[in-house]
């Protein structure tokens, strides 16, 4: 991580994304939870980024002020939102993460960002040409 990059848990994306798929019945397996980054990575880490497009992620951290002294503060969670493009399936995954996982998570997200960047690159290039 560079000195100018904020920690992943410090990033507050605009709006939010719902888990799963609004058009599917609960329990259809379109939101999967994992107990660790390693467990998540075992299932999703090296799948095809074109067929399994990551369009959003959120590192969720509970605010300690929302909990009484006797309440346990929930663990950090990484939510990843996907479009399985070949079948037009919207789904999500979520796993428990720790600060120690940040560099691995960041590297994986950076690799996934290449795919969505390539999809939008012609628009970004056109915008730069118009601005010139």
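Residue numbers (the working numbering): 41 to 172. A virtual CB, placed ideally from N, CA and C, is assigned to each residue, including glycine. From a predicted model like this one, the values you see are computed outputs, not experimental measurements.
Cutoff 8 angstroms; reference residue i; Cβ partners in own chain excluding five residues on either side
| i | result |
| --- | --- |
| residue 84 | 92, 120 and 133 |
| residue 155 | 89, 90, 93 and 94 |
For residue i, three-class secondary structure by DSSP
| i | result |
| --- | --- |
| residue 73 | strand |
| residue 121 | strand |
| residue 62 | coil |
Separation of residue j from residue i, as counted between CA atoms
| i | j | result |
| --- | --- | --- |
| residue 86 | residue 64 | 26 angstroms |
| residue 136 | residue 157 | 27 angstroms |
| residue 112 | residue 102 | 10 angstroms |
| residue 159 | residue 152 | 12 angstroms |
| residue 90 | residue 110 | 45 angstroms |
| residue 128 | residue 98 | 22 angstroms |
| residue 82 | residue 76 | 10 angstroms |
Range of the contiguous beta strand (DSSP E) that encloses residue i
| i | result |
| --- | --- |
| residue 96 | 93-100 |
| residue 130 | 129-136 |
Cutoff 7 angstroms; reference residue i; Cβ partners in own chain excluding five residues on either side
| i | result |
| --- | --- |
| residue 130 | 61 and 123 |
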